[in-house]
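Single-structure report; data block below.
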Amino acid sequence: MAIERTFSMIKPDATRRNLTGAITKMLEDAGLQVIASRRVWMSRREAEGFYAVHKDRPFFGELVESMSAGPTVIQVLQGENAIAKNREIMGATNPTQAAEGTIRKTHALSIGENSVHGSDAPETAAVEIAYWFSETEIVG
Ligand code: DAT
Ligand code: MG
Numbered sequence: 058m059a060i061e062r063t064f065s066m067i068k069p070d071a072t073r074r075n076l077t078g079a080i081t082k083m084l085e086d087a088g089l090q091v092i093a094s095r096r097v098w099m100s101r102r103e104a105e106g107f108y109a110v111h112k113d114r115p116f117f118g119e120l121v122e123s124m125s126a127g128p129t130v131i132q133v134l135q136g137e138n139a140i141a142k143n144r145e146i147m148g149a150t151n152p153t154q155a156a157e158g159t160i161r162k163t164h165a166l167s168i169g170e171n172s173v174h175g176s177d178a179p180e181t182a183a184v185e186i187a188y189w190f191s192e193t194e195i196v197g
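Following our numbering, the numbering of the sequence shown begins with 58 at its first residue and continues without gaps.
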């Protein structure tokens, strides 16, 4: 399996509870390396653009609201099989269904406030990384 890059975000519900370090440690302990990182309080417009794929879903308004409600930490992660590995460490979208030891099982509050985002495929990883980072900010 090749070395991949993926986009990760520590959501406002987690930064608010001072979990940036704890979550980053879980990613690093699993072998993922943080090769870019920035703290950003996204605007509603940025949240709408980032989550445009979900614009017709019933929870879209709530999603945009919660993502722009406080600071996030956006990151590029690199490692062996990084996209799938990150999704595994994150756990299921709904924390009640997430496996023991995953970030969402450990830290998420609800399906909406589920602490982390992670790209789900190589195509979305490339688009999401480019949405937030320039190449010069990524130091692999
Ligand atoms: P994931 O974040 O696991 O990739 P997703 O892409 O299906 O999940 O949804 C994006 C985000 O939208 C998710 O992290 C939280 C929110 N969301 C999804 N389903 C929801 C629901 N039924 N109610 C409220 N928020 C939801
Ligand atoms: Mg998703």
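Where a beta carbon is used, it is the ideal one built from N, C-alpha and C, also for glycine. Please read all numbers here as calculations on a predicted model, not as lab measurements.
Residue environment, residue i, which counts as buried when at least 16 other CB atoms sit within 10 Å
| i | result |
| --- | --- |
| V133 | buried |
| K112 | exposed |
| A109 | exposed |
| K68 | buried |
Nearest-angstrom beta carbon gap, residue j and residue i [assumed within contact, 8 Å]
| i | j | result |
| --- | --- | --- |
| S123 | G169 | 6 Å |
| L89 | G136 | 4 Å |
Check: residue i C-beta below 6 Å from any heavy atom of the ligand DAT
| i | result |
| --- | --- |
| I168 | yes |
| N143 | no |
| N75 | no |
| F2 | Missing from the structure shown is residue 2; the chain here goes from 58 to 197 and no further. |
| L84 | no |
| L134 | no |
| S89 | The amino acid occupying residue 89 in the given sequence is Leu; Ser does not appear at that position. For the ligand DAT, not one heavy atom lies less than 6 Å from the Cβ of L89. |
Heavy atom of the ligand MG within 6 Å of residue i beta-carbon
| i | result |
| --- | --- |
| D177 | yes |
Residue-chain proximity (residue i, chain D), Cβ-Cβ < 7 Å
| i | result |
| --- | --- |
| K162 | Absent from the structure: chain D. Only one protein chain is present. |
Reference residue i, options the options, closest by Cα
| i | options | result |
| --- | --- | --- |
| N75 | R62, P128 and E85 | P128 |
| W98 | M66, I92 and T81 | M66 |
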